[in-house]
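What follows is a single structure, written as structure tokens, with notes after it.
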Amino acid sequence: MSLSFPTMAAIRFGYGLRPGEALAQTKDELIAQVGRGAAAVPGFPVGGVAARQAEILDLQERLKQIRQAGGDDLARRQQRRALQRRAQLLFQMDANARLMQAVLSPDGFNERLATFWTNHFSTSAAKSVPMRLIVPLYEAEAIRPFMGGRFATLLRAATAHPAMLIYLDQAQSLGPDSKGGMRRNKGLNENLGRELLELHTLGAGSGYTQADVRAAAMVLTGLTVDQQQMQTAFRPQISEPGEHRVLGVSYGGAKRTRGDYLAMLDDLAVHPKTAGHISRKLAVHFVSDQPPQEMIAAMSEAWMKTDGDLTAVYRAMLDHPAAWANEGAKARQPFDYIVSGLRALDSGAGAGDVAAFMQAYRQEDADGDDMAAMAQRKDASTGQQAMQAPPSPEDEARIKRRKAFRTARALGQGALRRMGQPTWLPASPAGFEESFSAWITASQLSERLAWARRASAQFGRDADPRQFLKATLADAARDETIRVVSQAPSRTSGLTLVLASPEFNRR
Numbered sequence: 031m032s033l034s035f036p037t038m039a040a041i042r043f044g045y046g047l048r049p050g051e052a053l054a055q056t057k058d059e060l061i062a063q064v065g066r067g068a069a070a071v072p073g074f075p076v077g078g079v080a081a082r083q084a085e086i087l088d089l090q091e092r093l094k095q096i097r098q099a100g101g102d103d104l105a106r107r108q109q110r111r112a113l114q115r116r117a118q119l120l121f122q123m124d125a126n127a128r129l130m131q132a133v134l135s136p137d138g139f140n141e142r143l144a145t146f147w148t149n150h151f152s153t154s155a156a157k158s159v160p161m162r163l164i165v166p167l168y169e170a171e172a173i174r175p176f177m178g179g180r181f182a183t184l185l186r187a188a189t190a191h192p193a194m195l196i197y198l199d200q201a202q203s204l205g206p207d208s209k210g211g212m213r214r215n216k217g218l219n220e221n222l223g224r225e226l227l228e229l230h231t232l233g234a235g236s237g238y239t240q241a242d243v244r245a246a247a248m249v250l251t252g253l254t255v256d257q258q259q260m261q262t263a264f265r266p267q268i269s270e271p272g273e274h275r276v277l278g279v280s281y282g283g284a285k286r287t288r289g290d291y292l293a294m295l296d297d298l299a300v301h302p303k304t305a306g307h308i309s310r311k312l313a314v315h316f317v318s319d320q321p322p323q324e325m326i327a328a329m330s331e332a333w334m335k336t337d338g339d340l341t342a343v344y345r346a347m348l349d350h351p352a353a354w355a356n357e358g359a360k361a362r363q364p365f366d367y368i369v370s371g372l373r374a375l376d377s378g379a380g381a382g383d384v385a386a387f388m389q390a391y392r393q394e395d396a397d398g399d400d401m402a403a404m405a406q407r408k409d410a411s412t413g414q415q416a417m418q419a420p421p422s423p424e425d426e427a428r429i430k431r432r433k434a435f436r437t438a439r440a441l442g443q444g445a446l447r448r449m450g451q452p453t454w455l456p457a458s459p460a461g462f463e464e465s466f467s468a469w470i471t472a473s474q475l476s477e478r479l480a481w482a483r484r485a486s487a488q489f490g491r492d493a494d495p496r497q498f499l500k501a502t503l504a505d506a507a508r509d510e511t512i513r514v515v516s517q518a519p520s521r522t523s524g525l526t527l528v529l530a531s532p533e534f535n536r537r
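Written out as structure tokens, the structure is:
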């Protein structure tokens with residue numbers, strides 16, 4: 031390892047260095063982050079889990095009332111748009127809170143694992159209006175608490191969460207020969223069964239067949255969403271009766287129960303193909319697009335010896351020499367890049383200047399609606415634009431907050447959308463790409479350079495570029511980067527060069 035352990039640990043296994051934050055000195059300190067993370071309450075969903083669950087139920091009820099209401103179609107469309115705006119506002123606040131969770135957390139390894147597992151068990155908030163409220167809850171209650179335990183527990187939580195059941199249409203899947211299926215003349219949806227085998231456990235090309243996919247989907251029938259409570263439910267009357275063989279193992283019988291699909295998930299969780307598939311995905315995410323087979327084998331062995339204890343698998347990865355070699359082999363993905371950039375720029379007392387500024391998101395469109403009204407005042411008699419009085423102190427404060435919101439959006443979720451990795455909005459159940467070539471392209475680097483300029487101008491006007499380079503990259507900075515930054519014509523230019531450097535875009 032050419033870099034010091036603390037630098038390599040922060041850059042490869044975390045979200046980079048943050049001024050004043052202590053760096054992990056040992057592998058044990060990295061592993062300890064996972065335990066702390068499981069016990070911590072994330073900063074999203076905004077308002078907390080209980081409040082979000084109540085918000086989801088309220089949204090469902092209001093949407094139901096609109097569907098059932100007669101009368102004016104225009105009025106119903108307007109009511110629905112109002113609900114959509116409210117859901118989108120909460121989603122934007124949650125996405126910003128998710129970003130700032132990664133920026134402010136001292137447990138970078140745990141935050142990286144949360145990103146990995148949320149991507150592994152991908153869902154998308156674009157599926158429906160309620161999903162804008164459900165998907166942030168999914169990461170908070172189905173992913174983060176279980177990342178350090180047995181994979182079987184994590185698999186159960188992710189598979190049976192309403193977000194997954196809605197996203198993969200499991201709520202629409204009925205056993206063709208079940209009482210409910212025959213009565214409603216509806217049948218099987220194989221989406222969850224297919225992704226369970228192809229993406230979440232065994233992996234593509236692992237030897238399962240289409241018959242296994244169909245059988246897994248049959249075993250999963252009955253697992254659905256209670257639309258009144260928006261909670262997971264098991265309905266025997268829509269569960270396909272009989273035994274169904276998945277990879278040669280039979281599940282079910284004349285009377286189907288929740289235990290059938292749970293037994294299948296538990297078996298898949300400790301299957302050797304699952305161990306190999308997910309061990310490789312972890313190694314690709316953290317270490318290299320082409321990790322050595324010896325590393326994958328060591329991680330898989332730890333998986334099989336411990337019945338899928340994920341902490342043991344992480345330990346096996348960190349213990350392998352390849353984990354600490356060939357720095358810069360991976361590209362920082364957009365979320366990784368922006369979080370690392372905001373962390374590097376986050377100086378100041380308390381949570382830091384960046385964190386304080388990015389909370390402008392929470393002001394959003396209560397101010398936005400007022401601004402629109404102020405800009406569009408019409409003279410009642412002529413219909414022409416009214417003469418505007420000089421802005422009041424309240425209007426000036428509103429304008430200032432609105433500008434701050436726009437800048438915060440541009441540096442956060444707006445930038446992530448432009449770079450192709452919007453929070454909780456993957457293009458498919460396969461999640462976002464991991465490969466170096468997907469993220470280091472001409473257009474990608476152009477967007478990153480523009481972001482670096484704007485972020486440096488916003489947060490780094492008083493920073494010394496040479497000190498910033500040292501604090502941000504430590505011993506990862508190359509001699510050429512040190513020389514170029516030291517010759518920068520201005521402070522902002524110097525900081526921009528640091529954030530645009532090859533070292534900062536790789537890990």
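Using our numbering, read the sequence shown as starting at 31 and increasing by one per residue.
Ideal Cβ positions, reconstructed from N, Cα and C, are used throughout, including at glycine.
Remember, it's a predicted structure, so these values are computed and weren't measured experimentally.
Only counting the same chain, and skipping five residues up and downstream in sequence, which positions put a Cβ closer than 6 angstroms to that of residue i?
{"i": "residue 147", "result": "173, 177"}
{"i": "residue 53", "result": "36, 40"}
{"i": "residue 236", "result": "303"}
{"i": "residue 526", "result": "482, 483, 486"}
{"i": "residue 479", "result": "530"}
Please state the DSSP three-state secondary structure of residue i.
{"i": "residue 262", "result": "strand"}
{"i": "residue 67", "result": "helix"}
{"i": "residue 357", "result": "coil"}
{"i": "residue 159", "result": "coil"}
{"i": "residue 319", "result": "coil"}
{"i": "residue 48", "result": "coil"}
{"i": "residue 337", "result": "coil"}
{"i": "residue 536", "result": "strand"}
{"i": "residue 431", "result": "helix"}
{"i": "residue 491", "result": "coil"}
Using CA coordinates, which residue listed in the options is at the minimum distance from residue i?
{"i": "residue 143", "options": "160, 344, 241", "result": "344"}
{"i": "residue 290", "options": "116, 250, 232", "result": "250"}
{"i": "residue 355", "options": "537, 207, 389, 308", "result": "537"}
{"i": "residue 333", "options": "365, 479, 316, 300", "result": "300"}
{"i": "residue 375", "options": "481, 108, 323", "result": "481"}
{"i": "residue 115", "options": "526, 89, 55, 246", "result": "89"}
{"i": "residue 71", "options": "95, 157, 383, 175", "result": "175"}
{"i": "residue 469", "options": "306, 198, 359", "result": "359"}
{"i": "residue 161", "options": "284, 86, 514, 263", "result": "86"}
{"i": "residue 475", "options": "530, 157, 98", "result": "530"}
{"i": "residue 269", "options": "347, 150, 213, 349", "result": "213"}
{"i": "residue 261", "options": "84, 387, 312, 497", "result": "84"}
{"i": "residue 327", "options": "305, 73, 491, 167", "result": "305"}
{"i": "residue 128", "options": "159, 471, 167", "result": "167"}
{"i": "residue 551", "options": "61, 45, 33", "result": "In the structure as shown, the chain begins at 31 and stops at 537. Residue 551 is therefore absent and cannot be evaluated."}
{"i": "residue 464", "options": "232, 319, 495", "result": "319"}
{"i": "residue 336", "options": "438, 325, 42, 179", "result": "179"}
{"i": "residue 489", "options": "532, 458, 382, 428", "result": "382"}
{"i": "residue 547", "options": "438, 377, 342", "result": "With the chain covering only 31 through 537, there is no way to say anything about residue 547."}
{"i": "residue 494", "options": "508, 477, 518", "result": "518"}
{"i": "residue 227", "options": "218, 216, 215, 240", "result": "240"}
In terms of residue numbering, what span does the alpha helix (DSSP H) encompassing residue i cover?
{"i": "residue 107", "result": "103 to 134"}
{"i": "residue 82", "result": "79 to 98"}
{"i": "residue 138", "result": "138 to 150"}
{"i": "residue 454", "result": "Note, residue 454: premise wrong, no alpha helix (DSSP H); not H, not E."}
{"i": "residue 368", "result": "364 to 375"}
{"i": "residue 500", "result": "495 to 503"}
{"i": "residue 519", "result": "No alpha helix (DSSP H) holds residue 519; DSSP gives it neither H nor E."}
{"i": "residue 72", "result": "Run containing residue 72: none; DSSP gives neither H nor E here."}
Taking CB distances under 8 angstroms as the criterion, tell me whether residue i reaches chain D.
{"i": "residue 121", "result": "Although the question refers to chain D, the structure presented lacks it and comprises just one protein chain."}
By the DSSP assignment, the beta strand (DSSP E) with residue i in it spans what residues?
{"i": "residue 256", "result": "253 to 256"}
{"i": "residue 300", "result": "Counting along the chain, residue 300 falls outside any beta strand (DSSP E), and DSSP gives it neither H nor E."}
{"i": "residue 280", "result": "279 to 283"}
{"i": "residue 224", "result": "Careful: residue 224 lies outside any beta strand (DSSP E), inside the alpha helix (DSSP H) at 221 to 225."}
{"i": "residue 275", "result": "272 to 276"}
Ignore the nearest five residues each way along the sequence and tell me which others in residue i's own chain have a CB closer than 7 angstroms to its CB.
{"i": "residue 297", "result": "279"}
{"i": "residue 276", "result": "242, 245, 246, 249, 294"}
{"i": "residue 393", "result": "Low confidence applies to residue 393: its pLDDT is 49, below 50, so where it sits in the model is not reliable enough to give any reading."}
{"i": "residue 491", "result": "521, 522"}
{"i": "residue 514", "result": "527"}
{"i": "residue 92", "result": "113"}
{"i": "residue 125", "result": "443, 453, 454"}
Pair every Cβ in the region 205 to 216 with every Cβ in the region 176 to 196, then say whether three or more of these pairs are closer than 8 angstroms.
no
Contact between the region 113 to 131 and the region 424 to 433 (3+ Cβ pairs under 8 angstroms)
no
Three or more C-beta pairs below 8 angstroms linking the region 121 to 138 and the region 61 to 72
yes
Take every Cβ of the region 45 to 59, pair it with every Cβ of the region 492 to 509, and state whether three or more of those distances are shorter than 8 angstroms.
yes
Quick check: the region 451 to 460 against the region 363 to 370, are there 3 or more CB pairs under 8 angstroms?
yes
So does the region 190 to 197 actually touch the region 251 to 263, counting three or more Cβ pairs closer than 8 angstroms?
yes
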